[in-house]
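Top to bottom, those sequences are chains A and B.
Quick note, the first sequence lines up with residues 1 to 130 if you use the working numbering.
Quick note, the second sequence lines up with residues 1 to 562 if you use the working numbering.
Idealized CB from N, CA, C, for every residue including glycine.
This one's a predicted model, so the numbers in the text were calculated from it and none came from an experiment.
Structure record follows, encoded as structure tokens.
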Amino acid sequence: MRIAGYRPRNTYLQRQLDRRWRHWLLWCAAGAAAMAVMLGGFVGPRQATVRLRYEIAQVKAEVDTLQRERRSLLLELEAATSPHTLAARAAELDLADVPPNRLLFLTAAGELVGQPAGSPAPPAPATGVD
Amino acid sequence: MLSPHRWRVLVACLASWAVLVWLRLGYVQVVSHRELAEAALRQREATLEVEEPRGDILSADGRILAGSLDRVSVYANPARIPRERWPELAAKLSPIIALEADEILRRLAAREKFFYLAKNLDPAVAEPIERLRTRGLGALPTQRRIHPHGPLAAAVLGFVNGEGVGQAGLEKAYDRTLAGTASVYRLLRDGKSIPTPLDLRLEHAGRPGLSLRLTLDTRIQAAVEEELAVTLATIGAHGASAVVMEPTTGAVLALASLPSYHPDAPGASPPETWRNRAVEDALEPGSSFKPIIVAAALAGGGFRPFDLVDCSGGGVQVAGVFLRDHASHGLLSVREVITRSSNSGSIRIAQRVSPAVLDGTIRDLGFGAPTGIELPGETRGLLHPPERWSALSRAGLALGQEVTVSPLQLARAYAAFANGGFLVEPRLVQATTDESGTVVTPARAGSPRRVLPPALAQQITAMLVAVVEEGTGKHASVPFYRTAGKTGTAQKAVDGVMRSGRHVAWFAGFLPLPQPRAVIVVCVDEPRANYWASEVAAPAFGRIAARLVTIMGLPPQEAVQL
Numbered sequence: 001m002r003i004a005g006y007r008p009r010n011t012y013l014q015r016q017l018d019r020r021w022r023h024w025l026l027w028c029a030a031g032a033a034a035m036a037v038m039l040g041g042f043v044g045p046r047q048a049t050v051r052l053r054y055e056i057a058q059v060k061a062e063v064d065t066l067q068r069e070r071r072s073l074l075l076e077l078e079a080a081t082s083p084h085t086l087a088a089r090a091a092e093l094d095l096a097d098v099p100p101n102r103l104l105f106l107t108a109a110g111e112l113v114g115q116p117a118g119s120p121a122p123p124a125p126a127t128g129v130d
Numbered sequence: 001m002l003s004p005h006r007w008r009v010l011v012a013c014l015a016s017w018a019v020l021v022w023l024r025l026g027y028v029q030v031v032s033h034r035e036l037a038e039a040a041l042r043q044r045e046a047t048l049e050v051e052e053p054r055g056d057i058l059s060a061d062g063r064i065l066a067g068s069l070d071r072v073s074v075y076a077n078p079a080r081i082p083r084e085r086w087p088e089l090a091a092k093l094s095p096i097i098a099l100e101a102d103e104i105l106r107r108l109a110a111r112e113k114f115f116y117l118a119k120n121l122d123p124a125v126a127e128p129i130e131r132l133r134t135r136g137l138g139a140l141p142t143q144r145r146i147h148p149h150g151p152l153a154a155a156v157l158g159f160v161n162g163e164g165v166g167q168a169g170l171e172k173a174y175d176r177t178l179a180g181t182a183s184v185y186r187l188l189r190d191g192k193s194i195p196t197p198l199d200l201r202l203e204h205a206g207r208p209g210l211s212l213r214l215t216l217d218t219r220i221q222a223a224v225e226e227e228l229a230v231t232l233a234t235i236g237a238h239g240a241s242a243v244v245m246e247p248t249t250g251a252v253l254a255l256a257s258l259p260s261y262h263p264d265a266p267g268a269s270p271p272e273t274w275r276n277r278a279v280e281d282a283l284e285p286g287s288s289f290k291p292i293i294v295a296a297a298l299a300g301g302g303f304r305p306f307d308l309v310d311c312s313g314g315g316v317q318v319a320g321v322f323l324r325d326h327a328s329h330g331l332l333s334v335r336e337v338i339t340r341s342s343n344s345g346s347i348r349i350a351q352r353v354s355p356a357v358l359d360g361t362i363r364d365l366g367f368g369a370p371t372g373i374e375l376p377g378e379t380r381g382l383l384h385p386p387e388r389w390s391a392l393s394r395a396g397l398a399l400g401q402e403v404t405v406s407p408l409q410l411a412r413a414y415a416a417f418a419n420g421g422f423l424v425e426p427r428l429v430q431a432t433t434d435e436s437g438t439v440v441t442p443a444r445a446g447s448p449r450r451v452l453p454p455a456l457a458q459q460i461t462a463m464l465v466a467v468v469e470e471g472t473g474k475h476a477s478v479p480f481y482r483t484a485g486k487t488g489t490a491q492k493a494v495d496g497v498m499r500s501g502r503h504v505a506w507f508a509g510f511l512p513l514p515q516p517r518a519v520i521v522v523c524v525d526e527p528r529a530n531y532w533a534s535e536v537a538a539p540a541f542g543r544i545a546a547r548l549v550t551i552m553g554l555p556p557q558e559a560v561q562l
């Protein structure tokens with residue numbers, strides 16, 4: 001039977017709040033923390049390795065790119081300074097043929113020598129044909 | 001409540017099932033372990049073969065004649081790409097590979113299986129293509145062979161095909177050395193079976209290709225090619241070739257063959273231009289062969305340089321055939337026979353030398369056999385054994401007509417005159433080196449073989465000097481440098497028959513005397529405007545020699561000290 005407006009006044013009848021959940025929560029938190037520490041212990045170094053590997057890969061990719069560019073530039077330099085290219089662009093590059101009488105040679109004995117003054121007689125027509 | 005009997009049946013069924021499960025487990029885990037493990041690995045792992053870079057070909061002066069650049073090729077497999085995705089993919093791909101979207105769609109529709117959408121692209125395009133994460137579409141690393149000096153020494157270098165395999169020249173001869181071996185990586189596939197770069201593991205380390213360091217000098221090679229081009233432009237000819245070789249070592253400083261091609265795009269030129277004329281062509285040497293005949297006569301024919309030979313009558317009758325000379329010379333010494341290039345004199349000398357001695361000397365000087373140079377397709381030339389000689393054979397040989405030689409063979413023989421009688425082995429490759437430039441395989445050890453007494457080599461050299469100073473080779477002279485050499489104009493045999501109007505003009509010689517540093521052979525095949533060697537090949541020799549002494553820094557012999 002329910003008596004309207006009745007409120008028990010006896011304090012001993014008032015039920016205490018169940019506070020055991022706090023312990024339970026504490027244990028859960030502690031457990032989670034322990035788990036996190038444990039997982040962190042496992043994952044942390046692995047993460048660092050992965051991060052390092054990623055950075056190494058990035059640097060390697062950059063090095064590869066730079067090496068490719070260097071190689072490409074080297075081949076371009078070869079092409080630009082090729083004897084055929086220089087000969088074709090001689091006028092543009094203001095390059096002139098040096099006549100043999102203006103060339104000097106350094107001998108093995110350390111002497112600087114050149115051709116005698118005056119041009120040699122042009123060769124006479126060939127004797128006979130063949 | 002189940003009866004005990006039913007319990008037993010149930011337990012027996014469950015036990016049987018458990019046993020079957022355990023048996024199957026045992027079968028899977030033990031018996032089929034290997035196949036299943038491999039199948040699982042195949043499913044989740046992919047193999048990536050990365051081609052190691054092909055080695056360079058370097059000149060003696062350190063220039064890169066052929067090198068490789070990293071590139072990528074974009075592939076597509078239309079069967080693995082849903083058709084409804086094509087337009088979207090084409091739109092995204094178009095700016096990456098610089099190809100119109102319509103063209104991409106057309107190519108996808110035209111093929112059913114794997115094909116290359118675009119080749120030789122910058123490696124930077126690989127990343128955006130990978131980001132599309134589309135099965136059946138990707139970028140594969142590849143390489144492109146570059147020849148920075150264009151057609152320079154093309155016939156020596158050769159070229160590679162689309163797969164990077166050598167097809168001609170040194171690229172073919174040294175394909176395995178230059179190519180190296182590929183590295184093999186293992187990587188994981190994602191849920192869509194697309195390979196991801198995560199957990200990339202090297203399974204087999206490849207080896208980058210080794211580089212070849214040649215004996216060729218780019219400056220000399222360029223000079224030789226330019227002067228040959230001048231000859232072709234002024235005289236007009238079917239082709240021309242030249243060899244420049246060190247007489248003491250056999251190191252080839254230049255080996256030119258014109259007309260040439262660009263090895264970056266060999267398909268743009270006719271295949272005939274791919275041939276290395278200096279090594280692969282066997283042509284009649286004409287009078288440039290006379291010094292070899294005279295060497296045989298002096299070595300074993302009882303002749304001396306100043307013995308007189310009757311060169312009158314404007315020719316010689318041999319076996320019922322009258323062989324004409326350029327002129328009636330009267331009595332000439334053996335030396336003058338060479339200087340004036342007398343056909344009658346040469347024939348009369350050859351007729352007095354036994355076939356065995358003649359054949360022996362010719363073969364000793366390297367004719368009738370390949371020189372062994374490191375190039376594919378080398379000719380051995382034509383030289384019949386004495387048993388097959390006819391009554392006209394010695395006369396034919398005396399005129400350089402019943403024999404064919406390559407320009408390289410002739411250079412080798414003249415090197416024997418220049419170096420005091422040793423037959424050298426011509427070589428093009430100085431060494432093979434690794435990426436750091438360290439020598440892996442040194443140059444092939446040449447073993448020069450004495451084939452002529454030193455005095456005889458000197459006598460022939462003196463005759464060849466007279467040819468340049470007084471005889472038919474005056475246009476080959478280089479002011480202030482003593483030069484030796486011999487002209488040769490030969491009629492060309494086509495299908496075994498001498499054809500009038502088809503000639504070969506030669507000049508073979510060396511300089512500077514007394515210690516020659518270079519043997520030069522010039523060969524002009526079927527010259528048009530003028531066919532005489534003294535007017536065609538000798539001037540080309542002279543121009544090449546004049547540039548050579550400057551490049552090599554050889555001081556003039558009548559030099560004045562400053």
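In the three-state reduction of the DSSP assignment, ALA229 (chain B) falls in the helix class. Listed along chain A, the residues sitting closer than 9 Å to PHE480 (chain B) by beta-carbon distance are PRO100, GLN115, PRO116, PRO120.
Taking a cut-off of 8 Å on C-beta distances, the region 132-150 of chain B touches the region 158-172 of chain B, as three or more cross pairs fall below it. When the alpha-carbon of SER346 (chain B) is set against those of B:ALA476, B:ALA90, B:PHE303, the nearest one is in B:PHE303. The region 472-483 of chain B and the region 534-552 of chain B touch, with three or more beta-carbon pairs separated by less than 8 Å. Membership of PHE42 (chain A) in the alpha helix (DSSP H) is indicated by the continuous run 20-80. Counted as a single uninterrupted DSSP element, the alpha helix (DSSP H) harbouring ALA90 (chain B) occupies residues 86-97.
In this structure, the CA atom of ARG54 (chain B) is about 14 Å from the CA atom of ARG213 (chain B).
Chain-order list of chain A residues neighbouring ARG63 (chain B): GLU78, by C-beta distance under 7 Å. Taking 8 Å as the Cβ-Cβ cut-off, the region 48-73 of chain B approaches chain A at ARG63, ILE64, GLY67, LEU69, ASP70, given in chain order.
ASP364 (chain B) is positioned such that its CB atom lies closer than 9 Å to that of VAL451 (chain B). For LYS492 (chain B), the enclosing beta strand (DSSP E) begins and ends at 484-494. Rounded to whole angstroms, the separation of the alpha carbons of ALA297 (chain B) and ALA154 (chain B) is 40 Å. Interface annotation for the region 510-539 of chain B against chain A: TRP532, ALA533, SER534, criterion Cβ-Cβ distance under 7 Å. Annotated three-state conformation of ASN161 (chain B) is coil, per DSSP.
Cα atoms of GLY41 (chain A) and ALA29 (chain A): separation of roughly 18 Å, rounded to the nearest angstrom.
Taking GLN459 (chain B) as the centre and dropping the five residues before and after it, the same chain places the C-beta of LEU298, PRO305 closer than 7 Å to its C-beta, in chain order.
Residue environment: ASP97 (chain A) is assigned as exposed (fewer than 16 neighbouring CB atoms within 10 Å of its CB, all protein chains considered).
Sequence-distant partners of ARG335 (chain B) (beyond 5 residues in either direction) whose C-beta falls short of 6 Å from its own C-beta, in its chain, are PRO305, MET463. The three-state reading of DSSP puts SER447 (chain B) in coil, since its state is none of H, G, I, E or B.
Neighbourhood of LEU75 (chain A) in chain B, by CB distance below 8 Å: ILE64, GLY67, LEU69, ILE146, PRO148, in chain order.
Here ILE64 (chain B) is buried. Its C-beta has 16 or more other C-beta atoms within 10 Å. Neighbours of ARG219 (chain B) in chain A, taken as residues at a C-beta separation under 8 Å, are given in chain order as PRO83. The criterion of a C-beta distance shorter than 9 Å is not satisfied by HIS147 (chain B) and PRO271 (chain B). Here the C-alpha atom of PHE480 (chain B) lies approximately 20 Å from the C-alpha atom of PHE507 (chain B). The beta-carbon of SER341 (chain B) is placed less than 9 Å from the nearest beta-carbon of chain A. The beta carbon of LEU511 (chain B) is closer than 6 Å to those of TYR481, THR483, ALA545 in its chain, skipping five residues each way along the sequence. Under the three-state reduction of DSSP, HIS204 (chain B) is assigned to strand. Taking the C-beta atoms as reference points, LEU48 (chain B) is found nearer than 9 Å to ARG186 (chain B). B:VAL74 is the residue among B:GLU51, B:VAL50, B:VAL74 whose C-alpha sits nearest the C-alpha of ASN120 (chain B).
Taking all protein chains in view, the Cβ of THR177 (chain B) is crowded by 16 or more other Cβ atoms within 10 Å, so the residue is classified as buried.
As DSSP reads the structure, CYS311 (chain B) sits in a beta bridge with B:GLY330. Of the other Cβ atoms in all chains shown, fewer than 16 fall within 10 Å of the Cβ of LEU73 (chain A); this residue is therefore exposed. Counting C-beta atoms within 10 angstroms of its own C-beta, ALA109 (chain B) has fewer than 16 neighbours from the protein chains shown and is therefore classed as exposed. In this structure the region 347-366 of chain B touches the region 315-331 of chain B; the number of beta carbon pairs closer than 8 Å is three or more. In terms of Cα proximity to ARG131 (chain B), the closest of B:SER341, B:ILE96, B:PRO407, B:ASP325 is B:ILE96.
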